Amino acid sequence: MNVHAKQRIVEIWLTRKEKNDPELREGLKSLYQDYKDKKYMVAVYCSGDQDLYRQTSDLLCYNRKRIAELETQKKESQQEIGLSL
C-alpha cells in the first residue's frame, strides 16, 4: 500500500493470490471507507494472469500506429482545407 498524502491517493497492490482471497478483500472495505472519509481516492491494482511484457508491447505498438493514423488524417484534412481556399 502506498499513500500519497499530497495528491490524496492511496494505492493498494494485490498479488494474484491476494486478489482471490475473499477474507482479504472483505477486510479492505473498512480501509476504503476510512480513506473515503478523509477525501482520498483509493486505487486497487490487481496482478493479472497474462504476460506483462507482451501486453505492454502490444499496447505500445497500437498507440504508435494510432498516432500515425491521426497524424495522416490531420495532414489530409489540412490539405483539403488548403485546396478549398
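When you read off a place in the sequence shown, starting at 1, and then add 11, the result is the number in my numbering.
Glycine included, C-beta positions come from ideal geometry on N, C-alpha and C.
Computed from a predicted structure; not experimentally measured.
Give me the DSSP bridge partner(s) of residue i.
i   : result
N7  : No information on residue 7 is available, as it lies outside the stretch 12 to 96 that the chain covers here.
E22 : N13, A54
Can you tell which of the options has its C-alpha closest to the C-alpha of residue i?
i   : options            : result
L42 : A54, D32, N31      : A54
K50 : T26, S88, Q89, V21 : V21
H15 : Q44, E80, M52      : M52
R19 : G38, D48, R65      : D48
Should residue i be counted as a contact of the ligand ADP given a C-beta to heavy atom distance under 7 Å?
i   : result
K17 : You won't find the ligand ADP in this model; it holds no ligand whatsoever.
Along the chain, where does the alpha helix (DSSP H) that runs through residue i open and close?
i   : result
Y51 : Segment: none, Y51 is in no alpha helix (DSSP H) and carries neither H nor E.
If contacts are defined as beta-carbon pairs under 8 Å, then residue i and residue j qualify, I think. What distance do you get, rounded to the angstrom?
i   : j   : result
Y56 : L25 : 7 Å
S58 : K30 : 6 Å
Leaving out five residues on either side along the sequence, give the residues of the same chain with a beta carbon under 6 Å from the beta carbon of residue i.
i   : result
C72 : none
Return the chain-ordered list of same chain residues with a C-beta closer than 7 Å to the C-beta of residue i, the five sequence neighbours on each side being excluded.
i   : result
D62 : none
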